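S.K.: Please find one structure pasted underneath; my questions will follow.
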Amino acid sequence: MSRTPDQLDEEERARLRRAHIRLRNASSALEALTATPKQRGRWDPRPPTEEALDGARNELRAAWDALWRIEAELLG
18 MSRTPDQLDE
28 EERARLRRAH
38 IRLRNASSAL
48 EALTATPKQR
58 GRWDPRPPTE
68 EALDGARNEL
78 RAAWDALWRI
88 EAELLG
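Under this note's numbering, the first residue of the sequence shown carries the number 18, and numbering increases by one thereafter.
This is the structure in structure tokens:
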């Protein structure tokens, strides 16, 4: 059964919002590790460890999967 966003109750909207926030935060964390711009007059940032990169990538994938799972569950 397919529903529209306006048919969600407050708890369901909050759940979907949290999933979107998690995905945004995971994306920002990976961006901070991989796409930090160099700034003139400052030292180069230290490269991230493989462990940090793997953790950020895994969280991004998990957040992406969770968002689509929750959206499918709530909106069909």
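All residues carry an ideal CB built from backbone N, CA and C; glycine is no exception. Source: prediction; values computed, not measured.
(1) Report the rounded CA-to-CA distance for Ala69 versus Ser45, giving the unit in angstroms.
(2) Give me the Cβ distance between Leu77 and Ala36, rounded to the nearest whole Å; I'm assuming they're in contact under 8 Å.
(3) Under the rule that 16 or more other beta-carbon atoms within 10 Å means buried, what is Ala80, buried or exposed?
(4) Given a cut-off of 7 Å, decide if Gly93 and Arg20 are closer than it, judged by their beta-carbon atoms.
(5) From which residue to which residue does the alpha helix (DSSP H) around Thr51 run?
M.R.: Answer, in terms of the structure:
(1) The residue given as residue 69 occupies position 52 in the sequence shown. The residue given as residue 45 occupies position 28 in the sequence shown. Straight-line Cα distance between these residues: approximately 14 Å.
(2) For the purposes of this step, residue 77 is taken as the residue at position 60 of the sequence shown. For the purposes of this step, residue 36 is taken as the residue at position 19 of the sequence shown. With 8 Å as the limit, Leu77 and Ala36 do not qualify as a contact, their Cβ atoms being about 13 Å apart.
(3) Numbered from its first residue, the sequence shown carries residue 80 at position 63. Ala80 should be labelled buried.
(4) Residue mapping note: residue 20 aligns to position 3 of the sequence shown, counting from 1. Residue mapping note: residue 93 aligns to position 76 of the sequence shown, counting from 1. Yes, the Cβ-Cβ distance between Arg20 and Gly93 is below 7 Å.
(5) Walking along the sequence shown from the start, residue 51 turns up at place 34. Residues Glu27 to Thr51.
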